[in-house]
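**Student:**
Numbering (the numbering used here), first residue to last: 1 to 446.
1) Mark residue 8 as exposed unless 16 or more other C-beta atoms lie within 10 angstroms of its C-beta, in which case mark it buried.
2) Three or more beta-carbon pairs under 8 Å between the stretch 410–424 and the stretch 434–442, yes or no?
3) Does the structure place the stretch 284–294 close enough to the stretch 312–325 that three or more beta carbon pairs sit under 8 Å?
4) Residue 121 and residue 151 look like a contact to me (Cβ under 8 Å); what is the Cβ gap, rounded to whole Å?
5) If you draw a straight line from the C-alpha of residue 35 to the C-alpha of residue 45, how long is it?
6) Tell me whether the stretch 339–356 and the stretch 372–385 touch, counting them as touching only if at least three CB pairs, one residue from each stretch, are closer than 8 Å.
7) When you compare only the Cα positions, how much space is there between residue 273 and residue 299?
8) Could you check how far apart the C-beta atoms of residue 40 and residue 81 are, in whole angstroms? I think they sit under 8 Å.
9) Tell me the rounded alpha-carbon separation between residue 98 and residue 321.
10) Under 8 Å, with one C-beta from each stretch per pair, do the stretch 195–202 and the stretch 246–257 reach the 3-pair mark?
11) Take residue 317 and list the residues in its own chain whose beta-carbon comes closer than 8 Å to its own, dropping the five residues that flank it on each side.
12) Tell me where the alpha helix (DSSP H) around residue 215 begins and ends.
13) Could you compute how far the alpha carbon of residue 132 sits from the alpha carbon of residue 365?
14) Please classify residue 281 as buried or exposed, where buried requires at least 16 neighbouring CB atoms within 10 angstroms.
15) Once DSSP output is grouped into helix, strand and coil, what is the label at residue 157?
16) Enumerate in chain order the residues of its own chain whose CB-to-CB distance from residue 288 is below 7 Å, with the five nearest sequence positions on each side excluded.
17) Just to confirm, is the Cβ distance from residue 355 to residue 378 under 8 Å?
18) Measure from the alpha carbon of residue 47 to the alpha carbon of each residue in 237, 72, 362, 305, then state which is nearest.
19) Around the C-beta of residue 136, are 16 or more other C-beta atoms found within 10 angstroms, so that it is buried, or is it exposed?
20) Report all residues from its chain with a CB closer than 7 Å to the CB of residue 251; omit the five preceding and five following residues, and keep chain order.
21) Which runs of the alpha helix (DSSP H) fall wholly inside the stretch 246–305 and span at least 4 residues, in chain order?
22) Going by the beta-carbon positions, is the gap between residue 412 and residue 388 smaller than 8 Å?
23) On the DSSP letters alone, give me the boundaries of the beta strand (DSSP E) that residue 436 sits inside.
24) Report yes or no: do three or more beta-carbon pairs, one from the stretch 159–174 and one from the stretch 134–148, lie closer than 8 Å?
25) Specify whether the stretch 210–229 and the stretch 179–190 touch according to this definition: at least 3 beta carbon pairs, one from each stretch, less than 8 Å apart.
26) Is the Cβ-Cβ distance between residue 340 and residue 323 less than 8 Å?
27) Are residue 20 and residue 51 touching if we call contact CB-CB under 8 Å?
28) Terminal residues of the continuous beta strand (DSSP E) containing residue 27?
29) Below 8 Å CB to CB, which residues in the same chain sit around residue 409 once its five sequence neighbours on both sides are set aside?
30) Within its chain, find whatever has a CB closer than 8 Å to the CB of residue 256; leave out the 5 residues flanking it on each side and keep chain order.
31) Shortest alpha-carbon distance to residue 43 belongs to which of 64, 142, 380, 212?
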């Protein structure tokens with residue numbers, strides 16, 4: 001099958017590489033000439049495990065191509081995927097500017113029938129909006145060309161996106177056209193060999209399913225963080241509580257890990273967008289609003305612990321914090337809405353210096369924090385520690401899980417660790433001579 005994918009971010013590039021891996025010919029369109037240049041060389045501009053190999057192989061075998069010209073991408077394609085960004089506006093609503101532009105361009109350039117598929121996360125009703133924009137462009141050039149607009153939301157986890165695409169839990173297809181459903185069923189058949197995974201529903205239901213799924217997962221994270229904060233106050237251990245509730249199969253263990261809150265390009269944006277959509281229809285989404293508010297507070301919980309620890313010692317001003325982990329989660333270089341960035345801004349605003357390290361997100365974080373003279377991005381994990389007054393661990397990269405504690409203690413000026421991901425056992429930290437603060441558990445000292 002010939003496909004066109006417009007947008008080469010996490011969603012678009014992963015989808016393109018995986019579709020090509022199954023034998024399809026995929027033409028990717030991106031408005032950024034530099035991104036296209038890099039991709040044509042078989043390199044990728046984002047960090048996603050396993051993706052670089054897929055792109056290089058399928059580019060070499062001529063199943064994958066890259067261009068800035070949408071007309072070229074549309075020329076042979078039956079199915080056109082829209083995977084451009086839908087950033088969050090200041091008021092929390094979803095900015096559909098890029099989606100609108102692509103829809104208009106499709107209407108201007110399409111020469112024969114197409115199935116236009118929205119994979120970008122978009123508010124309910126966007127498919128109708130895209131249809132109207134394409135129809136307007138076709139009418140402007142007196143062209144009568146059949147097309148359908150289908151919703152096919154993505155459910156990929158950054159850091160494991162290739163595996164998620166290759167082995168999906170489900171494939172949601174929103175359409176009222178049986179023909180379009182059959183085309184998508186054939187396209188996704190190689191990814192669903194063990195059982196039928198494609199679920200066909202109405203377009204608006206498919207658009208809503210994406211938001212409902214992400215808001216549910218975000219709610220689980222905010223819930224366990226709320227429980228963790230209560231545990232600290234009543235003398236309970238959130239780790240033990242998590243085991244107790246997770247053993248109930250109705251709840252399960254996934255997404256109930258206490259920490260410093262969720263970040264990234266999906267959960268924060270999608271939660272706010274659904275709150276906004278509900279408001280547009282006269283409904284106040286109280287539960288989802290609380291999820292967002294709890295998460296905003298949780299991002300600063302570790303900073304508050306650091307401030308409280310140093311308050312009797314004259315405060316954080318003039319002190320140096322070593323910080324491990326800048327990406328919003330492990331196995332990605334994405335620092336959008338990352339808790340580490342919020343923690344750094346809070347503490348440097350109080351005069352604290354931060355020397356941070358991340359295995360892959362250092363450059364992106366450096367750009368995000370450019371101009372902040374109190375921030376240094378270290379080149380190595382242990383290089384971040386030298387002379388620092390404490391260590392904060394914010395992202396759960398594997399290499400942070402079992403560090404050389406003797407070396408850590410020797411490099412730090414004071415043996416103090418703020419564990420934002422509950423990676424370490426408090427009693428063992430005390431035995432190793434550290435003061436240890438975590439989430440939802442009592443602090444311990446040497």
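Positions of the beta carbon are idealized from the N, C-alpha and C atoms, including for glycine.
**Tutor:** The answer reads as follows:
1) buried
2) Between the stretch 410–424 and the stretch 434–442 there are three or more C-beta pairs closer than 8 Å, enough to call the two in contact.
3) no
4) Contact between residue 121 and residue 151 does not hold, since the beta-carbon distance rounds to 10 Å and is not under 8 Å.
5) 7 Å
6) Under the 8 Å Cβ criterion, the stretch 339–356 counts as touching the stretch 372–385, having at least three qualifying pairs.
7) 20 Å
8) Not quite, the Cβ-Cβ distance comes to about 20 Å (not below 8 Å), so this is no contact.
9) 39 Å
10) no
11) Correct list, in chain order: 350, 351, 352.
12) Segment 203–234, the alpha helix (DSSP H) holding residue 215.
13) 39 Å
14) exposed
15) In the three-state DSSP reduction, residue 157 falls in the coil class, being neither helix nor strand.
16) 215, 271, 274, 275
17) Yes.
18) 362
19) exposed
20) Here residue 251 has 245 as same chain residues with Cβ atoms under 7 Å from its own Cβ, once five neighbours each way along the sequence are excluded.
21) 267–280, 286–298
22) yes
23) 435–437
24) Contact between the stretch 159–174 and the stretch 134–148 is absent, because fewer than three Cβ pairs lie under 8 Å.
25) no
26) Between residue 340 and residue 323, the C-beta spacing is below 8 Å.
27) no
28) 25–29
29) 415, 432, 433, 434
30) Same-chain partners within the cutoff: 220, 221, 223, 224, 242, 245, 246.
31) For the set 64, 142, 380, 212, the Cα lying nearest the Cα of residue 43 is the one of 64.
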